[in-house]
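Okay, so here's the structure we're looking at.
There are 4 protein chains.
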Amino acid sequence: MIVRSLTLRGKRTRATLLAAGREAFEEHGYDAVRIDDVCARAGVSHGTFYTYFDSKEALFGEVAQAVVGEMFAASAVGPAASGDPYARIEAANRLYLRAWAANSRLVRMVEHAADADPRFGRLLLELREAFVRRGADGLRRLQEQGLADPSLDPRLTAVMLGGMVEHFAHVWLDLGERAGEQDAVDHLTRLWARAIGLTPTSTSSQEGP
Amino acid sequence: MIVRSLTLRGKRTRATLLAAGREAFEEHGYDAVRIDDVCARAGVSHGTFYTYFDSKEALFGEVAQAVVGEMFAASAVGPAASGDPYARIEAANRLYLRAWAANSRLVRMVEHAADADPRFGRLLLELREAFVRRGADGLRRLQEQGLADPSLDPRLTAVMLGGMVEHFAHVWLDLGERAGEQDAVDHLTRLWARAIGLTPTSTSSQEGP
Amino acid sequence: MIVRSLTLRGKRTRATLLAAGREAFEEHGYDAVRIDDVCARAGVSHGTFYTYFDSKEALFGEVAQAVVGEMFAASAVGPAASGDPYARIEAANRLYLRAWAANSRLVRMVEHAADADPRFGRLLLELREAFVRRGADGLRRLQEQGLADPSLDPRLTAVMLGGMVEHFAHVWLDLGERAGEQDAVDHLTRLWARAIGLTPTSTSSQEGP
Amino acid sequence: MIVRSLTLRGKRTRATLLAAGREAFEEHGYDAVRIDDVCARAGVSHGTFYTYFDSKEALFGEVAQAVVGEMFAASAVGPAASGDPYARIEAANRLYLRAWAANSRLVRMVEHAADADPRFGRLLLELREAFVRRGADGLRRLQEQGLADPSLDPRLTAVMLGGMVEHFAHVWLDLGERAGEQDAVDHLTRLWARAIGLTPTSTSSQEGP
DNA sequence: TATGAATGAGAATTCATTCAT
DNA sequence: AATGAATGAATTCTCATTCAT
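Residue numbers (the working numbering), protein chains in the order written: chain U, 1 to 209; chain X, 210 to 418; chain Z, 419 to 627; chain C, 628 to 836.
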């Protein structure tokens, strides 16, 4: 693997290889991907692959890193979002479902890789931690505002309800559980809101009469 | 692989191999297990393996079948359980957590195998379906009794809340999220109960007024 | 590589592979030999090779061991040899030349391998040590009998004169220095004998008056 | 590789590469040296290497040539040396030991390379020939002066005794045979002198009456 | 002259599976 | 039923060398 800083051409080749690898992993799964597949897709010889990556695993490592980064970025509810708690939860759930739709296969591959290689486990842990903290902070705020059940442990609750959304995304998008997006988001949000004892405010878009 | 029915000795050898395979898969993961490992553990030669199983995959198929069966059996709340809805949910959650603790690695392996082989997908689907149906039936009954929000789709809700428990089991037991069992079961149950709008009955052990 | 003790058939295959490897190394040198060459020569598939040997290096290790053993055995002057010191030296020199003729290429390969792998260095050291000790013991005996210069260090002298023979064997047999065997043995022996100040006994076959 | 004569800058780069190659070969051995290592050491890029050398082998060829030249030059007993035959032999032995100490690894590499490539064989032959001729001429002169056994074949004797020194140098310096330089030179010289029947002259520094 | 990206021939090794005994 | 020797497809990775810039 190359060490020195790359020229423009080198950077391009590396990026091509990375993209090709991502596609290949997504399509065929880690085991089924051969270095030569990636190279063919990228249009370079397999010697070139080793100019930029140490091994198939190293390539996957970079793909995983990218995917995890995207997952997190994609599911962040902007600060501009409505101040209404219910609406924020709803927006977060919708975003997560969509982010998952775009990356589910790869994320599951990272999860599997984590079984064998702690490096991937750490990557996943960081991602999960970010989500959990985000959820726990949100809940804590609601509790402080008297809008949510103060007896719930914020972290544990965030882990559980976040897990509900994550797991549903998997079941829905990967395992083919049938549901419309609107229905799915609605149910997830209602369950979440009610679970934490969210007190509807006047602007709430909750289930109505 | 032989077809005719087995002698007693044959049955024993087969069972030994199956147990050895299960242990090996559990310890090292699918890819890392070599047929030789299994045979060494079972104390038979390579050739013998193929007397009883068509392939490594076939062995794993049987292991998976067994695990899935155990998972389902282990997590069924007996009919003798208290009639109190909250208590039933609590019992189910506790049982599921424990069943998962006993089988998580193998279940995850089955999940991963399902990515590549639809046969395992089907197996998993059956398991999930049984859980979902059980959960949905329970909810429907509560709705009919006027004890749960009637506007919730029973199946979708069961998928989501069941997923919450399943996912938490994974996070807690495999990924090391710290929590005590009592706390975990309590939170899962409270979140679940409140999410479906479970109206406390007089015998409820819920958090009270 | 196989661990359990081999059946007759297994032993035969292993021996065939070992012989094939020895020939291949002898003919083409370590680097140029491919595992497949050895297998083709032995008439087995290359998978079979790995049933019996861990690697090309391991195979070479066994070949080296064998060659070194043969070298030592082949150059031992039997105790039955004439008691005449000069004749014994002469016999040893002749035997060494012949042993070298049979194994020079492989011995040189071991020498080269020793540069990279201390294991081979040790092997060679043992061989050399045996030769040196044999030579030193012989000289010491002659010194004690008053037949050789007592001021010479037996070990150092044995190393030097033994080296003379070893090196000449190489130059003569490998590098093509022209000489007849009789002449070669004669000169080596006369130089050796005179170098240690060997006093001719009455039965000496030395160069006469 | 370029053909036209080099600019000053070109010469410098070439020399740097040659020196880097020599060091690299000396440290790691032929096989283990990658062109990249040499280039990194020389501070130039891969491509540049091929501006000056046709191949790795060509580089080694030049290194070998240089080493062999140095070996010969370094071990020549100047004409100014004492006219005493014993002293001349002693001086030559000491010089040879020292020259070998400086170059043993590379010389052995050349020897090994000679097994596969006759070009290196020829190089070595020339070196050896020069030594042998020098030794044979010396012996012939002594024989003519009546100072050495006239029945010895000068060339054969030179090959053998020269080999004794060369081989001892290897054993002592590369294989770790323990001896002090003075002892080593003393023994080599005494054995050599007595082997050829060198008659001490009055000025001899030999071991006395 | 120098650079460094690209090439691809080449070899080692693993392990599920078959089959003769 | 059991054995274990034999098979060979499959894949990774290295590094000397070429060549466009």
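From the three backbone atoms N, C-alpha and C, an ideal C-beta is built for every residue, glycine too.
Below-9 Å beta-carbon distance, Phe377 of chain X vs any chain U residue: yes
Cα-Cα separation between Leu752 of chain C and Met787 of chain C, rounded to whole angstroms: 15 Å
Burial state of Leu8 of chain U, where buried means 16 or more other Cβ atoms lie within 10 Å: exposed
Sequence-distant residues of its chain with Cβ nearer than 8 Å to Met698 of chain C (five each side left out): Ala726, Trp727, Asn730, Val734 and Leu754
Min CB distance Val671 of chain C to chain Z below 9 Å: no
Residues of its chain near Thr826 of chain C, where Cβ-Cβ distance is below 6 Å and the 5 sequence neighbours each way are ignored: Leu774
Beta-carbon spacing of Val110 of chain U, Ala76 of chain U below 9 Å: no
CA nearest to the CA of Asp115 of chain U, picked from X:Ala378, X:Lys265 and X:Leu384: X:Leu384
Beta carbon of Asp245 of chain X nearer than 9 Å to that of His237 of chain X: no
Burial state of Glu144 of chain U, where buried means 16 or more other Cβ atoms lie within 10 Å: exposed
Closer than 9 Å to chain X by CB, Glu26 of chain U: no
Close beta carbons around Ala322 of chain X, own chain, < 6 Å, minus the five adjacent residues each side: Phe329
Interface flag, Trp518 of chain Z vs chain C, CB-CB below 9 Å: no
C-beta neighbour in chain X for Ile35 of chain U, strict 9 Å: no
Beta carbon proximity, Glu717 of chain C to chain Z, threshold 9 Å: no
Chain X within 9 Å of Ala19 of chain U, Cβ atoms only: no
Cβ-based contacts, 9 Å cut-off: residues of the segment 305-339 of chain X near chain U: Arg314, Arg317, Met318, Glu320, His321, Ala323, Asp324, Ala325, Gly330, Leu333, Leu334 and Arg337
Of the residues C:Val660, C:Glu650, C:Arg649 and C:Thr678, the one placed nearest Thr640 of chain C, counting alpha carbons only: C:Thr678
Classification of Arg387 of chain X by the beta-carbon crowding that lies within 10 angstroms, buried from 16 upward: exposed
Other residues of its chain near Arg140 of chain U: CB distance less than 7 Å, five sequence neighbours each side excluded: Pro154
Burial state of Pro327 of chain X (16 or more Cβ within 10 Å): exposed
Cutoff 9 Å: Trp819 of chain C Cβ touching any chain Z Cβ: yes
Of the listed residues U:Tyr96, U:Ser55 and U:Asp137, nearest to Leu173 of chain U (C-alpha basis): U:Tyr96
Met373 of chain X: contacting residues in chain U (beta-carbon distance under 8 Å): Met160, Leu161, Gly163, Met164 and His167
Buried/exposed call for Arg403 of chain X, threshold 16 Cβ in 10 Å: buried
Under 9 Å from the C-beta of Asp219 of chain U: neighbouring residues of chain X: As displayed, chain U neither begins before 1 nor continues past 209, which places residue 219 of chain U out of reach and without an answer.
Nearest-angstrom Cβ-Cβ length linking Glu375 of chain X and His167 of chain U, presumed shorter than 8 Å: 6 Å
Pairwise C-alpha distance: Ala229 of chain X and Val462 of chain Z: 32 Å
Simplified DSSP assignment, three categories, for Val786 of chain C: helix
is_contact[Thr830 of chain C, chain Z] using C-beta, thresh 9 Å: Unreliable positioning characterises Thr830 of chain C in this predicted model, as indicated by a pLDDT of 47, which lies under 50. A coordinate reading is not provided.
Leu333 of chain X: first and last residue of the uninterrupted alpha helix (DSSP H) it sits in: Pro327 to Glu353
Enclosing alpha helix (DSSP H) for Arg817 of chain C [first to last residue]: Glu808 to Ala822
Any C-beta of chain Z under 9 Å from that of Ala763 of chain C: no
Residue-level contact to chain U via CB, Ala267 of chain X, 9 Å cutoff: no
Contact check, Arg22 of chain U vs Val67 of chain U, beta carbons under 9 Å: yes
9 Å Cβ cutoff, Ala613 of chain Z in contact with chain C: yes
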